[in-house]
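Read the structure below first, then the notes.
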Amino acid sequence: MNLPNEIEVRWDSLPVDLWLSIIHRIDVDDFDPISLTCKLFLSITDRLRTTLTISNNVDAVGVLRRCRNIKRINVHRRFRGDLVSLIHDISASGLPIETLDLSDQKLFPSQGLLKMRKTLGKTLKTLICHGILSLDNEDLVMISEAFPALEELDISKVGYVEPHYDFGSVGEKRITDAGIKALASNLARLRKINVSGVHLISDASLFSLLSNCASLSEVLVVNCNKISANGIASVIAQRPSLVSLSMCRRQLPVFTDARALQHLHICHSILSDNDLLSIANSRLPLREFCVPFCRGFSLTGLAPLLQAHPSLTHLNLVSCGFLTDESMASLAQNLREVTSIDLSSSRLTEFTFMCLVNCCPRLVELHMSDTDLGTFRDLCFSSMKRSPIHSLNVSCNKNFNDETLMQISSVCPELRMVDLSYSMDVSERGLIQLGLNCPHIRSLNVSYCRKVRGLGDVGFRELVTLWASYSGIGDEGLAMAVQGCGGRLQVVDLRNTKVTEYGVIVMVTGYPRLKEIIVCGEELKKVLEREGWRQRHSHSGFIRFGKKAKYENDKNANFMLGMKAARQLGLDLQIMKRTLDYEPCIDVSE
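First residue of the sequence shown? That's 721 in our numbering, and the numbers climb one at a time after it.
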């Protein structure tokens, strides 16, 4: 319809501030198609980007020149370019970067970071070096001298490799008490430090941090074998303002002096009921209580602790074998403020799920992996109130089937992320109802769901990531999904499925926003090449094509089952994860 001349307005004549306020409300993941519309929208989306993830072959100089409001830069764990050169480009950009994440890089770019001293020495607040095997004492000295304004530092699982892993000379690097002492002497503003998995540091490192870092309020020392209970007790006694503490010890300190402690994480430890009663009697302002894979305590100690802390928002009780549906019905009465709870590796059923939905009105994240969900199939969910749960993990439940899925989804209409992996009895029938009941799902994992042939032709219109490796999905299922689902899919994992060349072509042509395809087989690789998904790089097990698609070799897929089982046991397989982790990588390039 033509508007009268006096009220006709061209879209490009609207004020930039108006477009800025409109686009600001859009999810950052949806910026790419908007930025291709016109130069105005490109400039606006560049202004709104605050986080940049850099993977392989990204023109960092051009991106950093355009996006002048970047505050955080993540160097992807699979980055295989020249890291020192990249650090130089970041430094030369002049951006006031506040957070730099270098997690899982094989080599630490000490010389590159040293050159950042003039540009980022006063602005960088957070440095994440998790899993950098080459990090040593000299690097810690360099960090403290180059970035004296650091407030948060993560050097967990660095500088040490188990003997049976062959990583060459990087395995000889070490971090000791001397390195932590030198680090602490220059970082007076440090508020949070994570040294989990640094095996050679002792109580002396804690004393150095306490003596030099007056603002220190968060300490993570999980799997630090030489740090004793006395060392932890000294931290609590000398720093009553401590807010967060994560540890892995057999003997707990007294928490009476920890008047400000809000986050307490204890893993793989032997706890007694008296330990939990001591925490309860300390009347800490706890908001988060996590005891995954701990043993030795019972309901006698846990119930009073939860009753004493009704304001808890996060609770982790993974592998608490004594939990039953009846005990959870009682405990749930004290969990009205909980937003996230993990009850995996237990024998809990739908009764517990119903209790949590009825008693926890703020619950948005629930993990019930490796439980007995699906045992009772005649329960009535129709009278239950709707739950605000956004993220649901019900993987590895041997009794979980379509009926259970349909019942749970009927009371969780706000679901955004669902993990159904290893649910052998879930089929397309259950997924169709899931899509109808929960129209806002953005991430779906049906890996190893052998009976899943497709997603149906309705629902899942907001789906962004689909993990379907080793499922029963084939060409027909993909074709129906393209017809019924929205066009927002960006990442899809189809390793070891029944998808053929036809299915790959359907995916490429049916989803214009597709960024990553993970497939197996030389024939499918050739199809991607024919479709213009040109090879961009290759290294140790996968080839990445064109617009951020990638091809995966079969050899890594063989380890997936073992990784899943290890995760359920809580084993630390960080080195394997670097090879087997398939998190989506979103590039921002010109």
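Yeah, the Cβ is synthetic: ideal placement off N, Cα and C, and Gly gets one too.
Taking its Cβ as the centre, do 16 or more other Cβ atoms sit within 10 Å of residue i, making it buried, or is it exposed?
i: Lys838; result: exposed
i: Leu723; result: Its pLDDT being 49, under 50, Leu723 is placed unreliably by the model, and nothing is read from it.
i: Leu756; result: exposed
i: Val736; result: exposed
i: Ala1269; result: Any reading at Ala1269 must be qualified, since the residue scores a pLDDT of 39, below 50, and its modelled position is unreliable; the value itself is stated next. Flag for Ala1269 reads buried.
i: Ala812; result: exposed
i: Cys1100; result: exposed
i: Ile1109; result: buried
i: Ala1285; result: Per-residue confidence for Ala1285 stands at a pLDDT of 37, beneath the threshold of 50, marking its modelled position as unreliable; the derived number appears in the next sentence. When all chains shown are included, Ala1285 counts as exposed.
i: Thr1185; result: buried
i: Pro1030; result: exposed
i: Ser931; result: exposed
i: Glu1236; result: buried
i: His1160; result: exposed
i: Ile895; result: buried
i: Leu734; result: exposed
i: Gly1021; result: buried
i: Cys1132; result: buried
i: Gly1207; result: exposed
Could you check which residue in the options has the C-alpha nearest to that of residue i?
i: Glu1148; options: Glu1196, Ile754 and Thr1020; result: Glu1196
i: Arg705; options: Gly1094, Gly917 and Ser1111; result: With the chain running from 721 to 1310 in the structure shown, residue 705 is simply not present.
i: Phe1013; options: Leu1025, Ser1002, Arg1181 and Leu1037; result: Leu1037
i: Arg745; options: Val955, Cys758 and Arg769; result: Arg769
i: Gly1192; options: Val1228, Leu1156, Ala924 and Val1146; result: Val1146
i: Glu872; options: Asp859, Gly899, Leu860 and Arg909; result: Arg909
i: Val1114; options: Met1126, Asp1139, Ile1128 and Ser1167; result: Asp1139
i: Leu1164; options: Gly1179, Arg1170, Ala1049 and Leu1183; result: Leu1183
i: Leu1076; options: Gly1094, Thr1095 and Lys1105; result: Lys1105
i: Gln1203; options: Lys912, Val1178 and Thr819; result: Val1178
i: Ile817; options: Trp1187, Lys842 and Glu1085; result: Lys842
i: Met1144; options: Arg1136, Asn1117, Ser1189 and Val1211; result: Asn1117
i: Asp923; options: Ile956, Ser935 and Asn906; result: Ile956
Starting from residue i, follow the beta strand (DSSP E) in both directions and report where the run begins and ends.
i: Leu772; result: Thr771 to Ile774
i: Asn789; result: Premise fails: Asn789 is in no beta strand (DSSP E) and is neither H nor E.
i: Ser1163; result: Ser1163 to Asn1165
i: Leu1186; result: Thr1185 to Trp1187
Between residue i and residue j, what straight-line distance do the alpha-carbon atoms span, to the nearest angstrom?
i: Gly951; j: Ala902; result: 19 Å
i: Leu840; j: Val1172; result: 50 Å
i: Cys787; j: Pro829; result: 24 Å
i: Cys1240; j: Asp802; result: 29 Å
i: Arg1264; j: Ser775; result: Since pLDDT at Arg1264 reaches only 39, below the 50 mark, its modelled position is unreliable, and the value read off the structure follows with that caveat. Distance between the alpha carbons of Arg1264 and Ser775 is about 11 Å.
i: His796; j: Leu806; result: 12 Å
i: Leu1073; j: Ile852; result: The residue you asked about is not Leu; residue 1073 is Phe in the sequence shown. Near 40 Å, if we compare the C-alpha coordinates of Ile852 and Phe1073.
i: Gln1153; j: Asn1121; result: 12 Å
i: Lys1275; j: Leu1214; result: At Lys1275 the pLDDT is 36, less than 50, meaning the model places this residue with poor confidence and gives no usable figure here.
i: Leu669; j: Arg1015; result: Coverage of the chain is limited to positions 721 through 1310, which leaves residue 669 absent and any answer about it impossible.
i: Ile810; j: Gly1223; result: 41 Å
i: Arg798; j: Asn1078; result: 43 Å
i: Ser966; j: Arg1162; result: 31 Å
i: Leu740; j: Val748; result: 13 Å
i: Gln971; j: Leu833; result: 40 Å
i: Thr819; j: Arg911; result: 14 Å
i: Ile875; j: Gly1174; result: 43 Å
i: Gln982; j: Ala1000; result: 13 Å
i: Glu882; j: Thr1229; result: Per-residue confidence for Glu882 stands at a pLDDT of 46, beneath the threshold of 50, marking its modelled position as unreliable; the derived number appears in the next sentence. The straight-line gap from Cα to Cα measures roughly 46 Å.
i: Ala1129; j: Ser1107; result: For the record, residue 1129 in the displayed sequence is Ser; it is not Ala. Taking the straight line from one Cα to the other gives about 10 Å.
What is the residue span of the alpha helix (DSSP H) that residue i lies within?
i: Met862; result: Asn857 to Ala866
i: Val1058; result: Element bounds for Val1058: n/a, residue is neither H nor E.
i: Asn994; result: Asp993 to Asn1001
i: Thr666; result: Residue 666 lies beyond the residue range present for the chain, which begins at 721 and ends at 1310; the question has no answer from this structure.
i: Thr839; result: Arg837 to Leu840
i: Thr765; result: Lys759 to Leu768
i: Leu930; result: Asp923 to Asn932
i: Leu738; result: Val736 to Ile743
I'd like to confirm the pairing. Which residues does DSSP put opposite residue i in its beta bridges?
i: Leu1194; result: The identity of residue 1194 in the sequence shown is Gly, whereas the question assumes Leu. Lys1218, per the DSSP bridge assignment.
i: His985; result: Ser966 and Cys1010
i: Thr846; result: Thr819 and Glu872
i: Val939; result: Ile913 and Leu965
i: Arg1015; result: Ile990
i: His796; result: Paired residue(s): none; His796 is not in a bridge.
i: Cys1113; result: Looking at the sequence shown, residue 1113 is not Cys but Asn. Looking at the DSSP assignment, Asn1113 forms a beta bridge with His1087 and Asp1139.
i: Asp1145; result: Asn1121
i: Leu1035; result: Phe1009 and Ile1061
Please confirm whether any heavy atom of the ligand SAH lies closer than 7 Å to the CB of residue i.
i: Cys1205; result: By its list of ligands, the structure shown contains no ligand whatsoever, and the ligand SAH lies outside what it can speak to.
Would a check of beta-carbon distances place residue i closer than 8 Å to chain D?
i: Leu1140; result: Absent from the structure: chain D. Only one protein chain is present.
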